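Protein chains in written order, with the working numbering: chain A, 87 to 268; chain B, 444 to 819.
Virtual Cβ for every residue (Gly too), placed ideally from N, Cα, C.
Since the model is a prediction, treat every value here as computed from it, not as a measurement.
Report on one structure; see the data block that follows.
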Amino acid sequence: MGESADDDLVARLVGEHERAYRAAWLILRDSHQAEEAVQEAFLRVWRFRGSLPAGDAIRPWMYRVVVNTSISALRHDRPRRASEVAMPAGDIGPAAAGGQDPGTVAEDADRASTMAGALGDLPEHLRVPVILRYWIGLSEKEIATAIGRRPGTVKSRLHDARSRLAADPRVNAARLAAGGEG
Amino acid sequence: MLTEDDLRAVVESAASAAPRPTAIDDQQFTDARTSASSRIRRPRGRMAVVLLAAAVLAVLAVSTALMRDHGSTAKFATVGAPVTEGRADQSSLGSGASAGTGASAGAAAPSAAGAPGVLPLDRSMNPTPAPLPSSAGAANATAPAAAVDSAKVVKNGSVELGVNKGSVAEAVSRVTSMATGFGGYVAGTRTTGGSDGSQVSGTVTIRVPAASFEQLTIDVGKLGDVRSTTTSGIDVTAQYTDLDAKIGALHATHDQLLTILTKADTIPDILSVQDRLNQVQSELDSLEGQRRLLADQTAYGTLAVTVLEPGATVAPLAVDDNPGLGNAWDDAKRGFGDAIEEIVRASGTAVVVLAVGFIGVLVLWLLTRNVRRRLV
Numbered sequence: 087m088g089e090s091a092d093d094d095l096v097a098r099l100v101g102e103h104e105r106a107y108r109a110a111w112l113i114l115r116d117s118h119q120a121e122e123a124v125q126e127a128f129l130r131v132w133r134f135r136g137s138l139p140a141g142d143a144i145r146p147w148m149y150r151v152v153v154n155t156s157i158s159a160l161r162h163d164r165p166r167r168a169s170e171v172a173m174p175a176g177d178i179g180p181a182a183a184g185g186q187d188p189g190t191v192a193e194d195a196d197r198a199s200t201m202a203g204a205l206g207d208l209p210e211h212l213r214v215p216v217i218l219r220y221w222i223g224l225s226e227k228e229i230a231t232a233i234g235r236r237p238g239t240v241k242s243r244l245h246d247a248r249s250r251l252a253a254d255p256r257v258n259a260a261r262l263a264a265g266g267e268g
Numbered sequence: 444m445l446t447e448d449d450l451r452a453v454v455e456s457a458a459s460a461a462p463r464p465t466a467i468d469d470q471q472f473t474d475a476r477t478s479a480s481s482r483i484r485r486p487r488g489r490m491a492v493v494l495l496a497a498a499v500l501a502v503l504a505v506s507t508a509l510m511r512d513h514g515s516t517a518k519f520a521t522v523g524a525p526v527t528e529g530r531a532d533q534s535s536l537g538s539g540a541s542a543g544t545g546a547s548a549g550a551a552a553p554s555a556a557g558a559p560g561v562l563p564l565d566r567s568m569n570p571t572p573a574p575l576p577s578s579a580g581a582a583n584a585t586a587p588a589a590a591v592d593s594a595k596v597v598k599n600g601s602v603e604l605g606v607n608k609g610s611v612a613e614a615v616s617r618v619t620s621m622a623t624g625f626g627g628y629v630a631g632t633r634t635t636g637g638s639d640g641s642q643v644s645g646t647v648t649i650r651v652p653a654a655s656f657e658q659l660t661i662d663v664g665k666l667g668d669v670r671s672t673t674t675s676g677i678d679v680t681a682q683y684t685d686l687d688a689k690i691g692a693l694h695a696t697h698d699q700l701l702t703i704l705t706k707a708d709t710i711p712d713i714l715s716v717q718d719r720l721n722q723v724q725s726e727l728d729s730l731e732g733q734r735r736l737l738a739d740q741t742a743y744g745t746l747a748v749t750v751l752e753p754g755a756t757v758a759p760l761a762v763d764d765n766p767g768l769g770n771a772w773d774d775a776k777r778g779f780g781d782a783i784e785e786i787v788r789a790s791g792t793a794v795v796v797l798a799v800g801f802i803g804v805l806v807l808w809l810l811t812r813n814v815r816r817r818l819v
């Protein structure tokens, strides 16, 4: 792989870093573990760059590594993960930086925490496809590559996850609140 | 029911709950390349055993494939259909093992043999042994069409023409035109001049699409008096099929290793898989290169045409039947297959039992050593 290809890959990894980190966080619910998992995953992608597909085709593979390192960390450290659910008040991501009304910021943070809780209550095998589909934006086929399952299995899991979230009162309350604001 | 947009909003909202990450530094990737390699000591026992077992299986599989390949090529039969003098070789059989020759057949037209060039009878496609035809036309009628269609034959030939005095340049020019007319090209030319500055002989080597090779040979013969014609066809179907199979298997291995990579937990494990991946990639590149070379050699036939004035003589340009790496690969493969075959033949099944036993003991020893270390 040439230098320009290396530069492209580094640019792609840097560009995907925050999205990958938040995907790992949604799986792990632990910021330190998420950072470590993404760092390890990216290091792995970098080391194997000569064997991975080029261009956009690398995304499913990249997120496959991210998902696997995250799940591996999850299984090695379940007790510690249980302790971190709520976010530190002063460390809410994008909303806190906008100079918005503190009340709005607090509401957004509260809703984000609630949604993270609802998503976090999904079993791992349903949560991961949802994250890859609706946060990373992978297609069902790409998710199948990323989690090493058939596209039909992915479709079924996404359907199951959607049904469970639709039945979750926290999600419905948030929808109603958002509808009321809209 | 939640819509797609609702779900996206839920997940995006949940993702926004994550604390901001520490910014990533581009430099760490280039640093990682050197620092990670400096931390390498040796692969962990478990992965080492897996890779060792994989390597042993790969060696056994390749040996078996080579032996099978070597054995199967001996069952091939080809029929040469020369214009006036021809031969058909099997690249895997060596020079002395030509199965069918049409030398001195004396038939001036390819139709005498039913098909121009070489007709390979690949018994891997047709398990019923096909007898060598006493009449080439009859053989053609019974030969499976699929075998002919999928045959990979390297066609070479040379024609020596006598032309009138002062006509060498014109004849060379017409040969060149014919080659380009058939979609071919000139690979090389050589001319020699007389004392008066005119050309007395010329040799032009042309490459034309294999399908037009026989027609071109006939057409070239019409440019003057044919003094001699030689054509040969080397059947590389088995070699090509073998390469295809190996490339397919290596692609599958490559994909499996990528899957293993995503599950490897430690840097030593990753590096072990990486080493194997690099090997597989290297083998793939090499085999694909050989396949490309074969594809090029079979796509175009090579004809050396020598044009002579009355009384002139010239040695024709050599036509390499199977140049380059293809020969070396054949020789190495044949030699390795022969050696294994000889060993097995000489020692019966004992050597196989011993080899398998040795590998089993080695794997057991590695496993027990690993377990003992963990217990300590």
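**Item:** Neighbour-count burial assignment, G631/B, 16 or more Cβ in a 10 Å radius
**Value:** exposed
inquiry  = Can you find the residues in the same chain that come closer than 6 Å, C-beta to C-beta, to A123/A, ignoring five residues on each side of it along the sequence?
reply    = A110, T155, S156 and A159
Please confirm whether R451/B has its beta-carbon closer than 8 Å to some beta-carbon of chain A.
yes
Note down the Cα distance separating A106/A from H697/B, rounded to an integer number of angstroms.
-> 25 Å
What residues of chain B sit near R197/A, judged by a beta carbon separation below 8 Å? S456
Assigned secondary structure, G609/B (DSSP; H/G/I helix, E/B strand, else coil): coil
Please identify, using Cβ separations under 7 Å, the residues of the region 231-263 of chain A that lie next to chain B, in order along the chain. G234, R248, L251, A252, V257 and R261
Next on the checklist: In the DSSP output, which residue or residues are listed as bridge partners for R650/B?
Outcome noted: Y628/B and T745/B
Determine the contact status of E121/A and P652/B, defining contact as a CB-CB distance below 8 Å.
-> no
request  = Work out the CA separation of R145/A and R650/B for me, nearest whole Å.
outcome  = 45 Å
On the three-state DSSP scale, how would you describe T634/B? strand
(request) Could you tell me whether the Cβ of A681/B comes closer than 8 Å to any Cβ of chain A? (result) no
Q) Given L666/B, which residues of its chain have a CB within under 8 Å of its CB, disregarding the five upstream and five downstream residues? A) L604, V606, A614, R617, V618 and V750
| field | In DSSP terms, what V750/B is bridged to | value | L604/B and G645/B
TODO: Taking a Cβ distance cut-off of 7 Å, strictly less, list which residues of the region 122-133 of chain A are near chain B, in chain order.
DONE: L129, R130, W132 and R133
- prompt: H162/A to Q119/A, Cα distance in whole Å?
  reply: 11 Å
Item to check | Terminal residues of the beta strand (DSSP E) in which S158/A lies | outcome: Looking at the DSSP string, S158/A is not in any beta strand (DSSP E); the run it does join, the alpha helix (DSSP H), is I144 to H162.
query: Closest to A140/A by CA distance: which of S117/A, E126/A and L99/A is it?
result: L99/A
- Query: Quick one: does the C-beta of L704/B sit closer than 7 Å to a heavy atom of the ligand ATP?
  - Reply: The ligand content of the structure shown is nil, which means the ligand ATP is not present either.
(request) Find the nearest neighbour of V669/B within the set D678/B, L809/B, V795/B and P753/B, judged by alpha-carbon distance. (result) P753/B
- Query: Quick one: what's got a C-beta closer than 8 Å to L686/B's C-beta in the same chain, skipping five residues either side?
  - Reply: L730, Q733, R734 and L737
Handout entry: Pair within 8 Å by beta-carbon distance, L224/A and Y149/A
Key = yes
Euclidean distance between Cα positions of I703/B and V716/B = 8 Å
* Under the three-state reduction of DSSP, which class applies to G176/A: helix, strand or coil? -> Its pLDDT being 39, under 50, G176/A is placed unreliably by the model, and nothing is read from it.
**Collapsed DSSP secondary structure at D254/A in the structure displayed** = coil
Report task. Taking only beta-carbon positions, decide if L693/B is within less than 8 Å of chain A. Result -> no
*Sequence-distant residues of its chain with Cβ nearer than 6 Å to R197/A (five each side left out)*: A260
- Would you grab the beta carbon distance between L746/B and V596/B for me? Rounded to a whole angstrom, and I think it's under 8 Å. Incorrect: roughly 14 Å between the Cβ atoms, too far for contact.
Three-state secondary structure (DSSP) of R398/B: The structure shown does not extend to residue 398/B, since chain B spans only 444 to 819, so no value can be given for it.
Does V100/A come out as helix, strand or coil in the three-state DSSP assignment?
helix
Note to self: Please return the same chain residues whose Cβ sits closer than 8 Å to the Cβ of V723/B, not counting the five positions on each side in sequence.
What the structure shows: L693, T696, H697 and L700
- prompt: In chain B, which residues lie with their C-beta within 7 Å of the C-beta of S117/A?
  reply: A461 and P462
Can you name the residues of chain B whose CB is closer than 9 Å to the CB of R161/A?
Under the 9 Å cutoff, chain B gives no residues; its nearest Cβ is about 11 Å from R161/A.
Q. Listing by chain order, which chain B residues have their CB less than 8 Å from the CB of L205/A?
A. V453, V454 and A457
**Report entry** Within chain A, partners of L720/B - CB distance below 9 Å
**Finding:** F134, G136 and S137
Quick check on the burial criterion: 16 or more other C-beta atoms within 10 angstroms. Buried or exposed for A808/B? The sequence as given places Trp at residue 808/B; Ala does not occur at that position. Exposed: under 16 other Cβ atoms inside 10 Å.
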